[in-house]
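Q:
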Amino acid sequence: MKDLRAQLTDQIKILDSQVEVKQQQLSDLSEFLRRRGDIEAEYARALDKLTERFTHKTKKKEQWGQSVCQVWSVLLTQTRLESREHAALGDTCCNTLTQWLAHNTEDTHRLHKRSKEVGIQMQDELLKVTTELQTALKTYNQYHTDCLIAEGKLKEAERLEERHTGKSAELGPGQSGGQRRSSVKKMERLMEKVKAQETQLKCTKARNDYLLNLAAANAAMNKYYLQDVSTLIDCCDLGFHLSMERVIKCYLASRCRIQKTEDAGLKQLEAAVTSLDQSGDRDALLQQHDSAFCLPFRFNYHPHEGDQVCEVSAESQVRYELETRFQQLQSRLAAVTLETEEVSKTLKATLTALLDSMCDSDCNPSPDMSSSQLHEPPGGSTAPKLALAKRRANQQETETYYFTVTAQDELNTSKTASHILFIIFPRMQCARSVRVRKSRPVSQFCHTLFTTDILSYIQSSGQQIPVVVESCIRFINLHGLHHEGIFRVPGSQREVNLIRDAFERGEDPLSDSECDLDSVAGVLKLYFRGLEPPLFPYDSYNQLLECVQIEAVTEKAAQIKAIVSTFPRPLLIVMRYLFAFLNHVSQYSDENMMQPYNLAVCFGPSLLRGLDSDDAVARQPQVNDLVKTMILQHDIIFPGQSELPGPVYEKHMTLESPAELSFKQGELLILHSKASCDWWRGEVGGVKGLIPHKYISVWAERAEMHPMLKKNSC
């Protein structure tokens, strides 16, 4: 008893320590988020100041490089947006999340206090039962001791009676004193016998009372340790994990928004960098400053003091001299042309080397390099520094050589030919080259069974019910309707992957093998969770959730039916099949513990999703309520087979996987039942399977005599 009291006291202490740990975790997380919010806010302010500073500076400067200005504009815009997102994250961390955590701390303390009170009441009841057991044990021990004493006295009285009876027989019948003593002993024996019987009866009652109290105490102990303790811990943890999930998901959503903004900004910046155009910026500069860079007017001839001659005179006296100068210029032009061609080649090679040097990974590190590669630790080797200095010196030498050659080339050309040949030869205009960009190839998407559009799959495969859905539902129908926790208890991830891979290969792993029920249920949920878009179209998400507000069940089902009836026919067939199956599973809730709401919790997030994932947690109760209603009212919401021909779920399935049978004209077919408007279940030559309805004609006379016999007429 003392050990039990000590153990129960230790349980309360452990729960107290657990709530202290949880409160400390909430306090630490709140402090972390507050400091993280301060850092984000400070970072946002720094980015904003940086953006404003350079925005002001770029406005003052003269804008001539249009493509470079575009890069600057995108960079500053992206930084400004990043600043806003970080400011929003800082505000979320400092205000929203810390306030949530403060409420969570209060809730945790209050729930623990109430749970502790309930736990103490449970322990008091348990101690009360054990105290009653101790009392019953003491009573039983007392009465059993009295019973043993009474039995001993009875045996002693019987022994004395037998001894006196023997002595009386020896003395003879004339001894009246011996007979009196014998009668007295007999009376004493009878009295002791009556006492023994009474004591034994009391002992029996005390023993029964003890045994009943013992059974009650054991039942109470089992209930407390196997159920009540878990319930008590769950009460202490009520909402704690969900609150933590809510806080972290909100934090993750803010971080994801920052990442999306950064990714979009970086893509825009990359596009702006790709659009950098040196020649375009040059032409824009020339156009913008046309007055400074335009070609001046031609020099006009100014005759001196009435001289009327304004052309070159080739009179006989100067003709020879002009012809000689012309020949000299032609020779010089040919030499300069060769020299210019060689210099152009040299300039082109020098320019390539200079650009390569400017983009060298050692002089200008790549953005993919890590910070540890960019910065040498203190006291590191000086060899990389020397190599870098050498490359920089070589680059400067190349620059000097390039500009020297360019200047000499321009100077020689202008001196020798340009100003004279301008008169003789027409000027040539160079056409600018136009660059044509190729469009990027469109990515191709590969459709698979578990991550596909279900409408596309049904159309391409011809399966009105996808094979994975039909096979998993058949397996659970045959083996798992009574399985406790079906769809709620997770299966083996390894077996789930094996079953999924087998379906992807076109096999049916559930047709002739034994698999774990929970893993098969996990495969079915995995299939619907992987559909993109989900089974319920995105555009119906808000309309369906609005139906949850309707209180009348009949009106709610009618409104849901009106929305669902607009879905494509293949989706309606799959939905009708699935929800009929879920309704069938819920009919065994007394055994499998899966009421319609529990099934809705398991399937709701997989079947119904919105485009915005941020409000998924907040709207999950509405999704669960909607799916629960559709499970309960599936026969009202979905059309029957007469209105919508197609496969329907059957409660009584067979072990074999139905397959289409092959047969020849005139063969006898044995039909068992009609599977749908297009198929019959039957057998040919002992092989069971499906028979197309179009191949069968019923003979009225024979159908009356043998209703199971029909003959194909194909």
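Mapped onto the UniProt record's numbering, the consecutive letters of the sequence shown carry residue numbers 1 to 714.
Every residue gets a Cβ at the ideal spot worked out from N, C-alpha and C, and that includes glycine.
1. Could you check what DSSP says for Q429 in three-state terms: helix, strand or coil?
2. Tell me where the alpha helix (DSSP H) around S83 begins and ends.
3. Hey, would you say L545 sits closer than 9 Å to Q622, going by beta carbons?
4. Classify M630: buried if its beta carbon has 16 or more other beta carbons within 10 angstroms, exposed otherwise.
5. Since T629 is in the alpha helix (DSSP H), which residue starts that stretch and which ends it?
6. On a Cα-Cα basis, can you pick out the residue from I473, L97, P533, N394 that is closest to T452?
7. Candidates F603, L611, L644: which alpha carbon is nearest K628's?
8. Tell me, to the nearest whole angstrom, how far the beta carbon of R500 is from that of V523; I am working on the premise that it is less than 8 Å.
9. Mapping DSSP to helix, strand and coil, what is A387?
10. Beta carbon of Q464, beta carbon of A557: below 9 Å?
11. Throw me the rounded Cβ distance for the D107 and G239 pair, which I believe falls under 8 Å.
12. What is the DSSP secondary structure of T204, reduced to helix, strand or coil?
13. Counting Cβ pairs, one atom from each stretch, are 3 or more of them under 8 Å apart for the segment 254 to 270 and the segment 70 to 86?
14. Helix, strand or coil: which one does DSSP assign to Y588?
15. Could you check the C-alpha separation between T98 and S243 for me, to the nearest Å?
16. Would S461 and S511 be called neighbours here (beta carbons separated by less than 9 Å)?
17. Count the other C-beta atoms from every protein chain shown that fall within 10 angstroms of the C-beta of F528, then say buried if there are 16 or more, exposed otherwise.
18. Any contact of the segment 568 to 587 with the segment 633 to 650, i.e. 3+ C-beta pairs under 8 Å?
19. Drop a sphere of 10 angstroms on the beta-carbon of M594, count the other beta-carbons inside from all chains shown, and report buried for 16 or more, exposed for fewer.
20. Can you tell me whether H482 is helix, strand or coil according to DSSP?
21. State the Cα-Cα distance for the pair P490 and P466, rounded to the nearest angstrom.
22. What did DSSP end up calling Q25 once you bin it into helix, strand or coil?
23. Taking all protein chains shown into account, decide if E40 is buried (16 or more other Cβ within 10 angstroms of its Cβ) or exposed.
24. For Q330, does the three-state DSSP call read helix, strand or coil?
25. Would you mind sorting R432 into buried or exposed? The rule is 16 or more other CB atoms within 10 Å of its CB.
26. Counting along the chain, where does the alpha helix (DSSP H) carrying Y597 start and finish?
27. Using only CA atoms, which one of L127, N222, D508 lies nearest to D3?
28. Would you check if the segment 303 to 313 and the segment 102 to 116 touch, i.e. whether three or more CB-CB distances between them fall below 8 Å?
29. Mapping DSSP to helix, strand and coil, what is G506?
30. Here's the rule I'm using: 16 or more other beta-carbon atoms within 10 Å means buried, otherwise exposed. How should T404 be labelled?
31. Rank Q327, H289, V585, L212 by C-alpha distance to the C-alpha of I486 and give the top, closest one.
32. Quick one, which of Y457, F450, L517 has its alpha-carbon nearest L478's?
33. Among K116, V309, E42, which one has its Cα closest to the Cα of T231?
34. In chain order, what residues of the same chain lie with their CB nearer than 6 Å to the CB of Y143, ignoring the 5 residues before and after it?
35. Closest to A216 by C-alpha separation, out of A136, Q396, R163, would be which residue?
36. Report the option in Q78, L111, S67, R45 whose CA atom is closest to the CA atom of D16.
A: So, from the listed chains and residues:
1. Residue numbering aside, residue 429 sits at position 429 when the sequence shown is read from its first letter. Bear in mind that the predicted position of Q429 carries a pLDDT of just 33, short of 50, making it unreliable; the figure below should be weighed with that in mind. Coil.
2. Numbered from its first residue, the sequence shown carries residue 83 at position 83. Boundaries of the alpha helix (DSSP H) around S83: 66 to 91.
3. Here residue 545 refers to the residue found at position 545 of the sequence shown. Here residue 622 refers to the residue found at position 622 of the sequence shown. Contact: yes.
4. Within the sequence shown, numbered from 1, the residue matching residue 630 stands at position 630. Under this definition M630 is a buried residue.
5. Taking the sequence shown and counting its residues from 1, the one referred to as residue 629 is at position 629. 620 to 632 is the span of the alpha helix (DSSP H), which, as asked, contains T629.
6. Counted from its first residue, the sequence shown places residue 452 at position 452. Out of I473, L97, P533, N394, P533 has the C-alpha closest to the C-alpha of T452.
7. Here residue 628 refers to the residue found at position 628 when the sequence shown is read from its first residue. Closest option to K628, Cα to Cα, is F603.
8. Reading the sequence shown from its first residue, position 500 is the one you call residue 500. Reading the sequence shown from its first residue, position 523 is the one you call residue 523. Right, the Cβ-Cβ distance comes to about 6 Å (below 8 Å), so this counts as a contact.
9. For this step, residue 387 is matched to residue 387 along the sequence shown. Under the three-state reduction of DSSP, A387 is assigned to helix.
10. Looking up residue 464 in the sequence shown gives position 464. Looking up residue 557 in the sequence shown gives position 557. Cβ atoms of Q464 and A557: not closer than 9 Å.
11. Position 107 of the sequence shown, counted from the first residue, corresponds to residue 107. Position 239 of the sequence shown, counted from the first residue, corresponds to residue 239. The beta carbons of D107 and G239 sit about 6 Å from each other, so the pair counts as a contact at 8 Å.
12. Within the sequence shown, numbered from 1, the residue matching residue 204 stands at position 204. T204 falls in the helix class under three-state DSSP.
13. In the pairwise beta carbon analysis, the segment 254 to 270 is classified as touching the segment 70 to 86: at least three pairs are separated by under 8 Å.
14. Mapped onto the sequence shown, residue 588 falls at position 588. Residue state, collapsed to three classes: coil.
15. Taking the first residue of the sequence shown as 1, we reach residue 98 at position 98. Taking the first residue of the sequence shown as 1, we reach residue 243 at position 243. Counting only the Cα atoms, S243 lies some 12 Å from T98.
16. Here residue 461 corresponds to residue number 461 of the sequence shown, with the count starting at 1. Here residue 511 corresponds to residue number 511 of the sequence shown, with the count starting at 1. The beta carbons of S461 and S511 sit no closer together than 9 Å.
17. Residue 528 sits at position 528 when you count from the first residue of the sequence shown. The residue is buried, with at least 16 neighbouring Cβ atoms inside 10 Å.
18. The segment 633 to 650 and the segment 568 to 587 touch, with three or more beta-carbon pairs separated by less than 8 Å.
19. Looking up residue 594 in the sequence shown gives position 594. Label assigned to M594: buried.
20. Counting from 1 along the sequence shown, the entry for residue 482 is found at position 482. DSSP places H482 in coil when its eight states are reduced to three.
21. For this step, residue 490 is matched to residue 490 along the sequence shown. For this step, residue 466 is matched to residue 466 along the sequence shown. One C-alpha to the other measures close to 23 Å.
22. Locating residue 25 in the sequence shown gives position 25, counting from the first residue. In this structure, Q25 counts as helix in the three-state DSSP scheme.
23. Position 40 of the sequence shown, counted from the start, is the residue given in the question as residue 40. Around the beta carbon of E40, 16 or more other beta carbons sit within 10 angstroms, so the residue counts as buried.
24. For this step, residue 330 is matched to residue 330 along the sequence shown. Taken through DSSP and simplified to helix, strand or coil, Q330 comes out as helix.
25. As a working mapping, residue 432 is identified with position 432 in the sequence shown. In this prediction, R432 scores a pLDDT of 35, lower than 50, which makes its location untrustworthy; no coordinate-derived value is stated.
26. Here residue 597 refers to the residue found at position 597 of the sequence shown. First-last of the alpha helix (DSSP H) with Y597: 596 to 607.
27. What you label residue 3 is simply residue 3 of the sequence shown in a count that begins at 1. L127 is the residue among L127, N222, D508 whose C-alpha sits nearest the C-alpha of D3.
28. Contact between the segment 102 to 116 and the segment 303 to 313 is absent: fewer than three C-beta pairs spanning the two stretches fall below 8 Å.
29. Position 506 of the sequence shown, counted from the start, is the residue given in the question as residue 506. Coil, per DSSP.
30. Along the sequence shown, read from residue 1 onward, the residue named residue 404 stands at position 404. T404 is exposed by the Cβ-count criterion.
31. Within the sequence shown, residue 486 is the residue found at index 486, counting from 1. Closest by alpha carbon: V585.
32. For this step, residue 478 is matched to residue 478 along the sequence shown. Out of Y457, F450, L517, L517 has the C-alpha closest to the C-alpha of L478.
33. Working through the sequence shown from its first residue, we reach residue 231 at position 231. With distances taken between Cα atoms, T231 lies closest to K116.
34. Looking up residue 143 in the sequence shown gives position 143. Correct list, in chain order: K202, C203, A206.
35. As a position in the sequence shown, residue 216 is number 216, starting the count at 1. Ranking A136, Q396, R163 by Cα distance to A216 puts A136 first.
36. Reading the sequence shown from its first residue, position 16 is the one you call residue 16. Looking at the Cα atoms, L111 is the closest of the given residues.
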